[in-house]
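Count along the sequence shown from 1, add 83, and you get the number used in the working numbering.
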Amino acid sequence: MAFVVIGFIFYSYLYPVTEKILNQSMRSAKDIEKKLHDEQAYLSSVSRDGDATFLIKKIKVRH
């Protein structure tokens, strides 16, 4: 019986803490994934045929 009470106390204390940490990690992962997607979209908009330095080369040729 004492183990059940001790187990319940640990569960009651640890579950909210771990849930909070999990939610923060999930939020952080979503933010990083969004930033990565934005960067990939930008790179694809300024590159041609998979050449990420296309725009830089184009600017250098003009000067």
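All residues carry an ideal CB built from backbone N, CA and C; glycine is no exception.
Residues sharing a beta bridge with residue i, DSSP
| i | result |
| --- | --- |
| R145 | DSSP output for R145 lists no bridge partner at all. |
| R131 | D134 |
C-beta contact flag for residue i and residue j at 8 Å
| i | j | result |
| --- | --- | --- |
| F137 | S130 | yes |
Proximal residues to residue i (C-beta, below 7 Å), its chain only, five neighbours per side dropped
| i | result |
| --- | --- |
| N87 | Note that residue 87 corresponds to Val in the displayed sequence, not to Asn. Excluding sequence neighbours, V87 sits near nothing in its chain. |
Proximal residues to residue i (C-beta, below 8 Å), its chain only, five neighbours per side dropped
| i | result |
| --- | --- |
| G133 | none |
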